[in-house]
Amino acid sequence: MICSNCGNEIADGVKFCPNCGNPVTGDVVQPTPMPAPEPIRQQSSDSYVQPPQGYQAPPQGYVQPPQGQGYQQQQYTPYDQPQKKSKAWIIILVVVLAIVALLVIVGIAIKRAADRAVQDLNDQINTELDDINLDDLDIDLDALNSEIEEMTNNELDQLDLDQDSIPDSDTTSSNSGESYDYVDVTYSGNTVKIAPNGNLDGSTVLYGGKDLEGLCDYIDDYVLEEGRYINRDMLYDLIAIDVVDDSMWTDFEDIELNMIMACALANNFHNLDVRVKDCVIDSANPTDYKYDVVAEGRDDTWIINYRDKTVYFNNGATEYSSDMFKDEYLAVWMTGIEEYYGIEAD
600 MICSNCGNEI ADGVKFCPNC GNPVTGDVVQ PTPMPAPEPI RQQSSDSYVQ PPQGYQAPPQ
660 GYVQPPQGQG YQQQQYTPYD QPQKKSKAWI IILVVVLAIV ALLVIVGIAI KRAADRAVQD
720 LNDQINTELD DINLDDLDID LDALNSEIEE MTNNELDQLD LDQDSIPDSD TTSSNSGESY
780 DYVDVTYSGN TVKIAPNGNL DGSTVLYGGK DLEGLCDYID DYVLEEGRYI NRDMLYDLIA
840 IDVVDDSMWT DFEDIELNMI MACALANNFH NLDVRVKDCV IDSANPTDYK YDVVAEGRDD
900 TWIINYRDKT VYFNNGATEY SSDMFKDEYL AVWMTGIEEY YGIEAD
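Per my numbering, residue 600 is the first one in the sequence shown, and the count goes up by one each step.
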């Protein structure tokens, strides 16, 4: 039976509903039996089956899983995460390689710049020397070349200091020295250092009552092409080192070749700010003159061998090529000097 008050099912013969306490009357609601389901006939795919009342069609694309079988969530297998490696060694390697590359680039750039500067200076000097018109000087080159050759063969007697005047290293104290008219000389072992003392300048008269400033004016006006001027300060320094003292020579021929070489150098570096601080000569190798110079504000050592006619910069590390010591150009300087001092060629 069914309670008419609360709808609870109660057993037969019970007078009160055990759920709500309502007295059970004869009006008892009997449960309605469910009709037995009719078997579903199998129909073809073309037949339409009417869905049961109240059935709601699933959304498009929805596939209903089989009864009793739930959805299985696909198991996710995580990938192994790669272990983080230290980047320190990579950074160090990159920095080292960058430093090495920079040093190589800088080294190459410096070398190329130095080589280019020397080559440009050589080309400029050689071009300017070629502009000298030998015909205007009316020079007998054959005769002058013979004289230059003879003087060159004997240049050690004329260019070097008297070897007897260099004290022996065994009997001389270190760094002893003497002062002369135009230089201060310091002896140390087998070497002698000759430093200009400033007494030789444009007003100095070496021969024939004519000063060196007049010689430079004559060279600028009559020997060099227009607009080119000899390096006077450098010329005075070189002549001071070569002449040393008036008492060391008696005839102009004793210093003429020294002056010729000095003019060649001073003209070659006419547009360079060069001052010669001193010249060091080793008695074991007296043909090498090591000039300590200040060129364009930088200290350097130039090694010049007048016998071999070679010039090296950077303390012998860089060879300098020039035609300034060619016989025909030395002949020009000889002619210009002799004409200024009024010396007649033999």
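Every residue, glycine too, gets a C-beta built ideally from N, C-alpha and C.
T909 to I880 span [Cα, whole Å]: If you draw a straight line from the Cα of T909 to the Cα of I880, it is about 16 angstroms long.
Backbone CA spacing between A916 and R827 [nearest angstrom]: Within the model, the alpha-carbon separation for A916 versus R827 is close to 30 angstroms.
Given 8 angstroms, three or more beta-carbon pairs between the stretch 827-846 and the stretch 810-819: Judged by Cβ distances under 8 angstroms, the stretch 827-846 makes contact with the stretch 810-819, as three or more pairs qualify.
For D877, the three-state DSSP class (helix, strand or coil): D877 sits in a strand when the DSSP states are folded into three classes.
Distance CB(N798)-CB(Y781) smaller than 8 angstroms: Yes; because the gap between Cβ atoms is below 8 angstroms, this pair is in contact.
Exposed unless 16 or more other CB atoms sit within 10 angstroms - verdict on P622: Burial state of P622 is exposed, judged by a 10 Å Cβ sphere holding fewer than 16 other Cβ atoms.
Pick from G776, V804, R906, S921 that is closest to I793, judged by C-alpha positions: Checking every option, the nearest Cα to that of I793 belongs to G776.
Cutoff 7 angstroms; reference C616; Cβ partners in own chain excluding five residues on either side: For C616, the CB contacts under 7 angstroms within the same chain, skipping 5 residues up- and downstream, are C602, N604, C605, N607, I609, V623 in chain order.
Proximity winner among C862, Y888, D783, N857, relative to Y911 (alpha-carbon distances): Among C862, Y888, D783, N857, the Cα nearest to that of Y911 is on Y888.
The beta strand (DSSP E) enclosing V892, as first and last residue numbers: Counting along the chain, V892 sits inside the beta strand (DSSP E) bounded by residues 884-894.
Proximity below 8 angstroms, CB of L837 to CB of A865: It is a contact, given that the beta carbons lie within the stated cut-off.
When D872, D926, E852 are compared against V892, the one with the closest alpha-carbon: Here the closest residue by C-alpha is D872.
6 angstroms CB neighbourhood of C862 in its chain, flanking five on each side removed: Annotation for C862: W932 place their beta carbon closer than 6 angstroms to its own, counting only its chain and skipping 5 residues before and after.
For E943, the three-state DSSP class (helix, strand or coil): Three-state result, E943: coil.
Nearest neighbour of E943, chosen from G612, G807, G788, N796 [CA to CA]: The candidate whose alpha carbon is nearest that of E943 is G807.
Element boundaries [beta strand (DSSP E), containing N904]: Where N904 is concerned, the enclosing beta strand (DSSP E) starts and stops at 897-904.
Below-8 angstroms beta-carbon distance, T886 vs any chain C residue: The question asks about chain C, but that chain is absent: this structure has only one protein chain.
Spatial neighbours of Q762 in its chain, beta-carbon cut-off 8 angstroms, leaving aside the 5 residues before and after: Below a pLDDT of 50, predicted positions are generally treated as unreliable, and Q762, at 46, falls in that range; no measurement from the model is reported.
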